[in-house]
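The letter at position 80 of the sequence shown is residue 79 when you use the numbering used here, and the numbering goes up by one with no holes.
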Amino acid sequence: MAAAAYYYPVELISAEERERLIIEHLPQVRLVSRKIHERLPETIALDDLLSAGVIGLINAIDNFDPGQNVKLKTYAEFRIRGAILDSLRDVDWAPRMKRKQAREMQAAVSRAEQKLRRSPEEAEIAAELGIGRRIPGAAERHCGAGYRGTGISARRPGTAGPVEVCGDAG
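And the structure:
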């Protein structure tokens with residue numbers, strides 16, 4: 000490994016040197032991709048993450064500024080992770096808030112199951128979340144027309160009415 004290559008100004012890097020840096024840092028792309036892939040559903044392919052990571056690596060090499068006194072490896076890891084997360088956000092159908100609400104719902108169901116030692120009823124889940132039962136149509140208004148909801152709504156402080164706690168549609 001040539002440590003000097005980490006601090007070359009981008010304008011001075013030849014095409015061969017650029018290619019060498021890309022190849023040299025590919026293991027870093029694999030490492031970051033695998034770490035992220037471990038926490039994702041099985042439906043997300045590792046190859047998709049690798050592709051996005053390589054794009055992030057190339058972007059990092061092309062935009063690297065040695066004047067910032069940061070190693071290329073450090074900068075590249077940040078850009079690789081960012082490119083992978085951006086690609087995941089692009090293919091995600093649900094906004095972050097919906098995902099958060101789904102996680103809260105799942106956690107409440109798990110807590111209720113542990114307490115009750117059986118599958119909880121809708122009212123028991125609502126009690127675990129500290130919310131009221133669903134008002135018909137609230138989920139469809141809040142989550143979208145095709146939403147097949149959880150049947151639970153929350154009364155948030157400062158809101159006029161109940162808000163459906165959206166889980167994954169399907």
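Note that beta-carbon positions come from the ideal geometry of N, C-alpha and C, so glycine has one too.
Since this is a predicted model, take the numbers as computed values, not measurements.
Thinking residue i and residue j are a contact (beta carbons under 8 angstroms), I'd like their distance in whole angstroms, please.
i     : j     : result
Ser32 : Leu48 : 4 angstroms
Ser86 : Ala51 : 4 angstroms
Val53 : Val28 : 6 angstroms
With distance defined between alpha-carbon atoms, name the residue in the options nearest to residue i.
i      : options                        : result
Ala84  : Ile22, Gly55 and Pro26         : Looking at the sequence provided, one finds Leu at residue 84 rather than Ala. Per the Cα distances, Gly55.
Gly81  : Leu71, Gln67, Asn58 and Phe63  : Asn58
Phe77  : Glu15, Leu30, Lys114 and Glu41 : Leu30
Met104 : His24, Arg88, Glu121 and Pro94 : Glu121
Pro40  : Ala111, Ile22, Glu15 and Asp91 : Asp91
Ile79  : Ile12, Ile60 and Pro65         : Ile60
Among residues of its own chain, excluding the 5 on either side of residue i, which ones have a beta-carbon nearer than 7 angstroms to its beta-carbon?
i      : result
Ala107 : Ile124, Glu127 and Leu128
Buried or exposed for residue i, going by 16 or more other Cβ atoms inside 10 Å?
i      : result
Pro94  : exposed
Gln113 : exposed
Ala75  : buried
Gln100 : buried
Lys97  : buried
Ile22  : exposed
Quick one: what's got a C-beta closer than 8 angstroms to residue i's C-beta in the same chain, skipping five residues either side?
i      : result
Pro119 : Val108, Ala111, Glu112 and Glu127
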